[in-house]
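Engineer:
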Amino acid sequence: MNVVVVESPAKAKTINKYLGSGYKVLASFGHVRDLPAKDGSVNPDEDFDMTWQVDSASNKRLKEISDAVKASDGLILATDPDREGEAISWHVLEVLRKKRGVLDDKPVKRVVFNAITKQAVLDAMAHPRDIDASLVDAYLARRALDYLVGFNLSPVLWRKLPGARSAGRVQSVALRLVCDRESEIERFVAEEYWQLTAQLQTPRGDSFEARLVAADGKRLQKMSIGNAEHAETLKSLLEGASFVVRSVEAKPTRRNPAPPFTTSTLQQAASSKLGFNASRTMQVAQRLYEGLDIGGETVGLITYMRTDGVQMASEAVDGARVVIASHFGERYRPDAPRHYATKAKNAQEAHEAIRPTDFSRIPDSVKQHLDSDQFRLYELVWKRAIASQMAPAEIERTTVEIIADNNGEEAGLRATGSVIRFDGFIAAYTDQKEDSEGSDDNEDGRRLPPINADEDLVREKINATQHFTEPPPRYSEASLIKKMEELGIGRPSTYAATLATLRDREYVAIDNRKLIPEAKGRLVTAFLENFFDRYVEYDFTADLEEKLDRISAGELQWKDVLRDFWRDFLNHIEGTKELRISNVLDALNEELAPLVFPEREDGSDPRICPKCGTGNLSLKLSRYGAFVGCSNYPDCAYTRQLSADASSDEAAASNDPKDLGKDPLTGEEITLRTGRFGPYVQRGDGKGAKRSSLPKSWKPEDIDHEKAVALLSLPRDVGSHPESGKMISAGLGRYGPFLLHDGVYANLESIEDVFSIGLNRAVTVLAERQAKGPGRRAKPAALKELGDHPDGGAITVRDGRYGPYVNWGKINATLPKDADPQSITVEKALELIAEKAAKSGKGKTKAKTTRKKTTRKPAASRKSKTVKAEE
Numbered sequence: 001m002n003v004v005v006v007e008s009p010a011k012a013k014t015i016n017k018y019l020g021s022g023y024k025v026l027a028s029f030g031h032v033r034d035l036p037a038k039d040g041s042v043n044p045d046e047d048f049d050m051t052w053q054v055d056s057a058s059n060k061r062l063k064e065i066s067d068a069v070k071a072s073d074g075l076i077l078a079t080d081p082d083r084e085g086e087a088i089s090w091h092v093l094e095v096l097r098k099k100r101g102v103l104d105d106k107p108v109k110r111v112v113f114n115a116i117t118k119q120a121v122l123d124a125m126a127h128p129r130d131i132d133a134s135l136v137d138a139y140l141a142r143r144a145l146d147y148l149v150g151f152n153l154s155p156v157l158w159r160k161l162p163g164a165r166s167a168g169r170v171q172s173v174a175l176r177l178v179c180d181r182e183s184e185i186e187r188f189v190a191e192e193y194w195q196l197t198a199q200l201q202t203p204r205g206d207s208f209e210a211r212l213v214a215a216d217g218k219r220l221q222k223m224s225i226g227n228a229e230h231a232e233t234l235k236s237l238l239e240g241a242s243f244v245v246r247s248v249e250a251k252p253t254r255r256n257p258a259p260p261f262t263t264s265t266l267q268q269a270a271s272s273k274l275g276f277n278a279s280r281t282m283q284v285a286q287r288l289y290e291g292l293d294i295g296g297e298t299v300g301l302i303t304y305m306r307t308d309g310v311q312m313a314s315e316a317v318d319g320a321r322v323v324i325a326s327h328f329g330e331r332y333r334p335d336a337p338r339h340y341a342t343k344a345k346n347a348q349e350a351h352e353a354i355r356p357t358d359f360s361r362i363p364d365s366v367k368q369h370l371d372s373d374q375f376r377l378y379e380l381v382w383k384r385a386i387a388s389q390m391a392p393a394e395i396e397r398t399t400v401e402i403i404a405d406n407n408g409e410e411a412g413l414r415a416t417g418s419v420i421r422f423d424g425f426i427a428a429y430t431d432q433k434e435d436s437e438g439s440d441d442n443e444d445g446r447r448l449p450p451i452n453a454d455e456d457l458v459r460e461k462i463n464a465t466q467h468f469t470e471p472p473p474r475y476s477e478a479s480l481i482k483k484m485e486e487l488g489i490g491r492p493s494t495y496a497a498t499l500a501t502l503r504d505r506e507y508v509a510i511d512n513r514k515l516i517p518e519a520k521g522r523l524v525t526a527f528l529e530n531f532f533d534r535y536v537e538y539d540f541t542a543d544l545e546e547k548l549d550r551i552s553a554g555e556l557q558w559k560d561v562l563r564d565f566w567r568d569f570l571n572h573i574e575g576t577k578e579l580r581i582s583n584v585l586d587a588l589n590e591e592l593a594p595l596v597f598p599e600r601e602d603g604s605d606p607r608i609c610p611k612c613g614t615g616n617l618s619l620k621l622s623r624y625g626a627f628v629g630c631s632n633y634p635d636c637a638y639t640r641q642l643s644a645d646a647s648s649d650e651a652a653a654s655n656d657p658k659d660l661g662k663d664p665l666t667g668e669e670i671t672l673r674t675g676r677f678g679p680y681v682q683r684g685d686g687k688g689a690k691r692s693s694l695p696k697s698w699k700p701e702d703i704d705h706e707k708a709v710a711l712l713s714l715p716r717d718v719g720s721h722p723e724s725g726k727m728i729s730a731g732l733g734r735y736g737p738f739l740l741h742d743g744v745y746a747n748l749e750s751i752e753d754v755f756s757i758g759l760n761r762a763v764t765v766l767a768e769r770q771a772k773g774p775g776r777r778a779k780p781a782a783l784k785e786l787g788d789h790p791d792g793g794a795i796t797v798r799d800g801r802y803g804p805y806v807n808w809g810k811i812n813a814t815l816p817k818d819a820d821p822q823s824i825t826v827e828k829a830l831e832l833i834a835e836k837a838a839k840s841g842k843g844k845t846k847a848k849t850t851r852k853k854t855t856r857k858p859a860a861s862r863k864s865k866t867v868k869a870e871e
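All residue numbers for the sequence shown refer to the UniProt record's numbering, where the first residue is 1 and numbers rise by one.
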């Protein structure tokens, strides 16, 4: 028996059926180990020594795999056919080699298949190879680069730009693209221009429209007519002119189909045609690739979906040509197959394009076996792939040149139209502009009536229309992916994750499918552009990607690339140690002036404090992020959030409260206010005043007395639980609306549920929550790393449910209310930990489970789950 390792259990189940009883197929569930999220996992001082860690879930799976291999005849590594797949196989093999008595002299082979079909899998098994060391080296280099940037640049951000989160190597450049586009929009100044058209009629009574293209002996460009006076002069000329056709040219043209999908073009088309974001597209494509039950048989419907190749295998092309002839007709099949070459920068041609595994599997024939998303995406892939091998569309484009003569003063007009004489590939797949606009590509355009040269035309109407230039559109996910691919930034497997990271860190927001940079995203980008400009340059990032490709091709040594990068990067990091916060703020004030100091409606200086009238506004930093404040603080307490909405500058952004009325029970005044952390309602004054932040879905301008009273009355008693008799309450917390019963929390979908949910529904929601089990709350990410405890183990500052705390092993010591987490020293942390340990009875033995070695030892001598990467 041979053991076969794949990534997912879905693949394992399908492939096990193909291979039969002589094989045992097990899933690794993706990567089995990773670099620990702590300083020192990549050590440049030890020639970029990398320390890997296996988590508990992966450890169980590796034990299952090792037990099976120990009793087997050999190991076959069958993970995905890309760098990540190669790396997973390498990780599994490295772990098994370190386990005594598992592999011994058993054969180990690597197989790859581009589709999960019986034929593809059996062919791969017949042609095994060794693990590709160059692909693994490229993975190691990328992983090390991402780690070194993240774990060295992020602390600089935390120190110099409080409230900012980590900066990833590729994510930072993608964020810069979004922020640069926003800056273009802010700087854009609209320009006026006019267009003139004539509605004309042929001698046969047919009407058509022609556009003015020449006047005063000159050809007119888009901006040539810049004002109403010029437009009116030309309109008068046309209104008094006679019109005659100078020439009519009908030119046949051909339009060829686009190649089959790559990862990025699939994401773009799914966005424009189906409304899918990148993550949704890849999730659905993964299911189509791994296999679905089609008539009692599990089959993969599409080939591997992480690729930038545009070619299809010859047998797939042959299959497509057969279906084209039978499904569309012999005329739609060209004489010879089509071949494509990718235009993407740094593309790798090793993989096929995304295509159906079997072209005879027409979308309608499998529709009943797929859900809506799966069917629509499969149909999109099938149509694009089949169209790529079909005959070109034959189009006749007609251009009519017209002379307007007004007493010897001439002007030129042009009318254009097109007619599809043969639809060709359009019968299967109509292209759509997969760009930020997502507008239809009008194939046949306007159709002109019969027009003959030298015939006179009758003027019906002259139109002069005013236009203004528009700023460049904001990126959509699809157009950002397209731009990243053009620049050579990132790889097919990284696009969806990169965009998800930008959303999760709240660096960008999505509104009507457009990416809008949040204030914190623009702050991070401005900081990096001013103080780490090289590392967010598009060419620099693309050049690194090219070097990674050369590593995978065996042309460069991966550690040489790391050494070159680290030398300059470390100098940049060291150069920021003397950087003062005031320098950072000065640079950001200038870089982000449109955001920090938006123009005011009254035309007054946007940098003068609207409250005191004498202070200067400037960016201020707190542990929660940046805000705008007055230089006369504390005499003037004016603050506001970063916003390009100048209309709210005086009204909502100042701390002048808006009176909403009195509380019906206490008689205290209720006011709407805005602080540095956002709008809130307050009842009464002083330290004991009740306050409640506004839910994210509520706007300050919509808050009235009724809503304010409702917010301030929270938490609300829903009723006594019928079983326990204890009260169920509904409230709004740090993590959103919730239910609470006997110490158990359950999330609610919206703030409206907090006020409207009844007892029966509340009991159901709580029961559903308990049915899921208690779960384990993930340990919050460290706000600050303080160093090692004298008894071993890292000391960190973290932000928990009940506020910031110091963590050492299993001891969590809450910080005093007035303590700034970023200002906590090691000495203070040790004091808090000692006090907590004394109260709880947790001693040194409790913390030693997380003891950290202060001296590095060879991997072979370690007895933990952490192992080193070997060259």
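Yeah, the Cβ is synthetic: ideal placement off N, Cα and C, and Gly gets one too.
#1: Considering only the alpha carbon of each residue, which of ASP799, LYS547, ALA215 lies closest to SER134?
#2: Just to confirm my understanding: we take ASN406, look at its own chain, exclude 5 residues before and 5 after, and list those with CB closer than 7 angstroms. What are they?
#3: Round the Cβ separation of ALA210 and ALA415 to the nearest angstrom and send it over; I've been treating them as touching at under 8 angstroms.
#4: To the nearest angstrom, how far is it from the Cα of SER72 to the Cα of LYS106?
#5: Is ALA847 helix, strand or coil by DSSP?
#6: Suppose you measure from the CA of LYS868 to the CA of GLY296; what does that come to, to the nearest Å?
#7: Does the beta-carbon of ALA138 have 16 or more other beta-carbons within 10 angstroms, so that it is buried, or is it exposed?
#8: Exposed or buried, what is GLY521 when buried is set at 16 or more other beta-carbons lying within 10 Å of its beta-carbon?
#9: Measure the C-alpha to C-alpha separation of LYS690 and GLU669 and round it to an integer number of angstroms.
#10: Any idea what DSSP makes of ASP717, helix, strand or coil?
#11: Which one of GLU84, VAL248, THR233 has the shortest CA to CA distance from THR398?
#12: So, VAL32 versus VAL92, is the Cβ gap smaller than 7 angstroms?
#13: Specify whether the segment 58–77 and the segment 583–600 touch according to this definition: at least 3 beta carbon pairs, one from each stretch, less than 8 angstroms apart.
#14: Express the C-alpha separation of ALA164 and ALA393 in angstroms, rounding to a whole number.
#15: Flag this pair as yes or no: are the beta carbons of ILE751 and PRO695 separated by less than 7 angstroms?
#16: What runs of the alpha helix (DSSP H), each 4 residues or longer, lie entirely inside the segment 576–606?
#17: Is it true that the CB of VAL213 sits closer than 7 angstroms to the CB of GLU455?
#18: Specify the secondary structure class of GLY319 as computed by DSSP and reduced to three states.
#19: Which residue wins for smallest C-alpha separation from ARG459, given the options PHE276, ILE402, VAL524, THR614?
#20: Helix, strand or coil for ASP73, going by three-state DSSP, please let me know.
#21: Quick one: what does DSSP say PHE243 is sitting in, helix, strand or coil?
#22: Return yes when the Cβ of GLU352 is within less than 7 angstroms of the Cβ of MET390, no when it is not.
#23: Which term fits PRO472, buried or exposed, when burial requires 16 or more other beta carbons within 10 angstroms of its beta carbon?
#24: In whole angstroms, what is the alpha-carbon distance linking THR849 and LEU266?
#25: Could you give the first and the last residue of the continuous alpha helix (DSSP H) run that contains SER724?
#26: What are the residues that DSSP puts in a beta bridge with ILE670?
#27: Does the Cβ-Cβ distance between GLU64 and GLY30 come in under 7 angstroms?
#28: Just the Cα atoms here: how many angstroms apart are SER279 and ALA497?
#29: Leaving out five residues on either side along the sequence, give the residues of the same chain with a beta carbon under 6 angstroms from the beta carbon of HIS789.
#30: Given 8 angstroms as the limit, is there contact between the segment 519–535 and the segment 109–128, that is, 3 or more CB pairs closer than that?
#31: Give me whichever residues DSSP pairs with TRP194 in a beta bridge.
#32: Note down, in chain order, each residue of its chain lying with its Cβ closer than 7 angstroms to the Cβ of ASN114, except the 5 sequence neighbours on either side.
#33: Going by other Cβ atoms of all chains shown within 10 Å of its Cβ, with 16 needed for buried, is MET282 buried or exposed?
#34: Just verifying my parser: in three-state terms, what is the DSSP assignment at LEU556?
#35: Please report the straight-line C-alpha distance between PRO334 and VAL322, rounded to a whole angstrom.
#36: Following the continuous beta strand (DSSP E) through ARG414, name the residue where it begins and the one where it ends.
Structural biologist: Working from what's here:
#1: Looking up residue 134 in the sequence shown gives position 134. Ranking the options by Cα distance to SER134, first place goes to LYS547.
#2: Sequence index remark: in the sequence shown, residue 406 carries index 406 (1-based). Apart from the 5 residues on each side of it in sequence, ASN406 sits with its Cβ closer than 7 angstroms to the Cβ of LEU237, GLY240, ALA241 in its chain, given in chain order.
#3: Reading the sequence shown from its first residue, position 210 is the one you call residue 210. Reading the sequence shown from its first residue, position 415 is the one you call residue 415. The beta carbons of ALA210 and ALA415 sit about 4 angstroms from each other, so the pair counts as a contact at 8 angstroms.
#4: Numbered from 1 along the sequence shown, position 72 holds the residue referred to as residue 72. Numbered from 1 along the sequence shown, position 106 holds the residue referred to as residue 106. Roughly 8 angstroms separates the two Cα atoms.
#5: Here residue 847 refers to the residue found at position 847 when the sequence shown is read from its first residue. In this predicted model, ALA847 has a pLDDT of only 40, less than 50, meaning its place in the structure is not dependable; the value taken from the coordinates is given anyway. Per DSSP, reduced to three states, the secondary structure at ALA847 is helical.
#6: Here the question's residue 868 lines up with position 868 in the sequence shown. Here the question's residue 296 lines up with position 296 in the sequence shown. The pLDDT assigned to LYS868 is 38, lower than 50, so where the model puts this residue is not dependable, and the model offers no usable value.
#7: Walking along the sequence shown from the start, residue 138 turns up at place 138. When all chains shown are included, ALA138 counts as buried.
#8: Against the sequence shown, residue 521 aligns to sequence position 521. Of the residues assessed, GLY521 falls on the buried side of the cut-off, its CB having 16 or more other CB atoms within 10 angstroms.
#9: Here residue 690 is taken as the residue at index 690 of the sequence shown, counted from 1. Here residue 669 is taken as the residue at index 669 of the sequence shown, counted from 1. Looking at the two C-alpha atoms, the distance is approximately 11 angstroms.
#10: On the sequence shown, position 717 is the one that residue 717 refers to. Correct three-state label for ASP717: strand.
#11: Taking the sequence shown and counting its residues from 1, the one referred to as residue 398 is at position 398. Nearest C-alpha to THR398: VAL248.
#12: By one-based count along the sequence shown, residue 32 stands at place 32. By one-based count along the sequence shown, residue 92 stands at place 92. Judged by their CB atoms, VAL32 and VAL92 are nearer to each other than the 7 angstroms cut-off.
#13: Flag = no, the segment 58–77 and the segment 583–600 do not touch.
#14: As a working note, residue 393 is residue 393 in the sequence shown. As a working note, residue 164 is residue 164 in the sequence shown. As the crow flies, the alpha-carbon of ALA393 is around 52 angstroms from that of ALA164.
#15: Start at 1 with the first residue of the sequence shown, and residue 751 comes out as number 751. Start at 1 with the first residue of the sequence shown, and residue 695 comes out as number 695. Yes, they are a contact pair.
#16: Here the runs fully enclosed are 581–591, 593–596.
#17: Reading the sequence shown from its first residue, position 455 is the one you call residue 455. Reading the sequence shown from its first residue, position 213 is the one you call residue 213. Inclusion of GLU455 and VAL213 in the CB contact set at 7 angstroms is not warranted, their separation being larger than that value.
#18: Taking the sequence shown and counting its residues from 1, one reaches residue 319 at position 319. Looking at GLY319 - three-state DSSP - the assignment turns out to be helix.
#19: Residue numbering aside, residue 459 sits at position 459 when the sequence shown is read from its first letter. Considering only alpha carbons, the answer is ILE402.
#20: In the sequence shown, the residue the question calls residue 73 occupies position 73. Coil at ASP73, not helix or strand.
#21: Walking along the sequence shown from the start, residue 243 turns up at place 243. Here PHE243 sits in strand by DSSP.
#22: Translated into the one-based positions of the sequence shown, residue 390 becomes position 390. Translated into the one-based positions of the sequence shown, residue 352 becomes position 352. Taking 7 angstroms as the Cβ cut-off, MET390 and GLU352 do not qualify as a contacting pair.
#23: Residue mapping note: residue 472 aligns to position 472 of the sequence shown, counting from 1. The C-beta of PRO472 has fewer than 16 other C-beta atoms within 10 Å across all chains shown, which makes the residue exposed.
#24: As a position in the sequence shown, residue 849 is number 849, starting the count at 1. As a position in the sequence shown, residue 266 is number 266, starting the count at 1. Caution is warranted here: a pLDDT of 39 is assigned to THR849, below 50, making its placement in the model unreliable, and the coordinate value is therefore given only provisionally. CA-CA distance, THR849 to LEU266, rounds to 48 angstroms.
#25: Along the sequence shown, read from residue 1 onward, the residue named residue 724 stands at position 724. For SER724, no alpha helix (DSSP H) segment is defined, and its DSSP state is neither H nor E.
#26: On the sequence shown, position 670 is the one that residue 670 refers to. Answer is GLY661, ARG683, bridged to ILE670.
#27: Taking the sequence shown and counting its residues from 1, one reaches residue 64 at position 64. Taking the sequence shown and counting its residues from 1, one reaches residue 30 at position 30. Cβ atoms of GLU64 and GLY30: not closer than 7 angstroms.
#28: Here residue 279 corresponds to residue number 279 of the sequence shown, with the count starting at 1. Here residue 497 corresponds to residue number 497 of the sequence shown, with the count starting at 1. Those two C-alpha atoms are separated by around 7 angstroms.
#29: If you number the sequence shown from 1, residue 789 lands on position 789. Hits under 6 angstroms: ILE795, TRP808.
#30: With the rule of 3 Cβ pairs closer than 8 angstroms, the segment 519–535 does not count as touching the segment 109–128.
#31: Mapped onto the sequence shown, residue 194 falls at position 194. For TRP194, the pairing in a beta bridge is given by DSSP as GLN466.
#32: Here residue 114 refers to the residue found at position 114 of the sequence shown. So the qualifying residues of the chain are PRO81, ALA120, THR303, TYR304, HIS351, GLU352.
#33: Here residue 282 refers to the residue found at position 282 when the sequence shown is read from its first residue. By the 10 Å Cβ count, MET282 comes out buried.
#34: Counting from 1 along the sequence shown, the entry for residue 556 is found at position 556. Correct three-state label for LEU556: coil.
#35: Locating residue 334 in the sequence shown gives position 334, where the first residue counts as 1. Locating residue 322 in the sequence shown gives position 322, where the first residue counts as 1. Each residue's alpha carbon lies about 11 angstroms from the other.
#36: Position 414 of the sequence shown, counting from 1, holds the residue named residue 414. Note, ARG414: beta strand (DSSP E), 409–422.
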